[in-house]
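Contents: one structure, followed by commentary.
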Amino acid sequence: MFKHFFLSAALIMATPIAAMADPVTDVIENQLDAFLQRDMERAWSHASPMIKDIFITPDNFAQMVEQGYPIIFSSNRYTFSERVEKGPHVFQIVVVQGENGGRAAFEYDMVQLNGAWKINGVRPVPLNELAV
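Taken in order, the sequence shown gives residues -21 to -1, 1 to 111; the numbers are from mature numbering (1 follows the signal peptide of the UniProt record, and there is no 0).
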């Protein structure tokens, strides 16, 4: 019995933290991948009702992201940084690298609705204020 316990504990400790499931970052990653694949319906599916009320359609939403956040719209290189929980919101910092090598940081406002995490907004934050 103890042998199995120690083996299980060793396997858990050997699993990189990045490989463990995180529903908040999973949603962000899925939306970033959807933008990269130009799958606007999938990207739209991760938006909160507030965002959907503002942009009405996936095409309007995609146009806003492409024009206002081009580095998010076209990047497949990103890292997760700091996270803060405030009430029902989780604020996750994501550092995105563009095709030209430039980097930008964004704060994702995440809310959980009916058991599913949704993106409630994104705003740029200064890179020099982050511990990355």
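Glycine residues also receive a C-beta, built at the ideal position from the N, C-alpha and C atoms.
Checklist entry - Nearest to TRP23 by alpha carbon, out of VAL69, ASN107, ILE98 and VAL73? => result In the sequence shown, counting from the first residue as 1, residue 23 sits at position 44. Distance check between TRP23 and each of VAL69, ASN107, ILE98 and VAL73 places ILE98 closest, using alpha-carbon atoms only.
Item to check | Same chain, Cβ closer than 7 Å to TRP96, five either side skipped, listed in chain order | outcome: By one-based count along the sequence shown, residue 96 stands at place 117. Taken in chain order, the residues that qualify are PRO2, VAL3, VAL6 and MET89.
Next on the checklist: By DSSP's criteria, TYR48 is part of a beta bridge. Which residues make up the other side?
Outcome noted: Here residue 48 corresponds to residue number 69 of the sequence shown, with the count starting at 1. In DSSP, TYR48 forms no bridge with anything.
Checklist entry - Which of the three DSSP states, helix, strand or coil, is assigned to GLU98? => result Here residue 98 refers to the residue found at position 119 of the sequence shown. For the record, residue 98 in the displayed sequence is Ile; it is not Glu. Residue state for ILE98 is assigned as strand, using DSSP reduced to three classes.
Next on the checklist: Just to confirm my understanding: we take ARG102, look at its own chain, exclude 5 residues before and 5 after, and list those with CB closer than 6 Å. What are they?
Outcome noted: The count along the sequence shown starts at 1 and reaches residue 102 at position 123. Sequence-distant Cβ neighbours of ARG102 in its own chain, meaning closer than 6 Å and more than five residues away, are GLU86.
Item to check | Spatial neighbours of GLU45 in its chain, beta-carbon cut-off 6 Å, leaving aside the 5 residues before and after | outcome: Position 66 of the sequence shown holds residue 45. If we look at GLU45 and ignore the five residues flanking it on each side, its Cβ neighbours are PHE52.
Checklist entry - Can you check whether the CB of ARG82 is closer than 8 Å to the CB of VAL73? => result Reading the sequence shown from its first residue, position 94 is the one you call residue 73. Reading the sequence shown from its first residue, position 103 is the one you call residue 82. Result no, Cβ atoms of VAL73 and ARG82 do not sit closer than 8 Å.
Checklist entry - Between PHE(-20) and ALA(-1), what straight-line distance do the alpha-carbon atoms span, to the nearest angstrom? => result Against the sequence shown, residue -20 aligns to sequence position 2. Against the sequence shown, residue -1 aligns to sequence position 21. A caution first: PHE(-20) carries a pLDDT of 46, below 50, which makes its placement in the model unreliable, though a value can still be read off. Those two C-alpha atoms are separated by around 27 Å.
Next on the checklist: Quick check: PHE14 and ALA26, are their CB atoms within less than 8 Å of each other?
Outcome noted: Your numbering for residue 14 matches position 35 in the sequence shown. Your numbering for residue 26 matches position 47 in the sequence shown. No, these two residues do not count as a Cβ contact at 8 Å.
Item to check | Beta-carbon proximity list for SER(-14), same chain, < 8 Å, skipping 5 on both sides | outcome: Position 8 of the sequence shown holds residue -14. Only weak support is given to the placement of SER(-14): the predicted model assigns it a pLDDT of 46, under 50, and the value that follows is read from those uncertain coordinates. Result list for SER(-14): empty, nothing under 8 Å.
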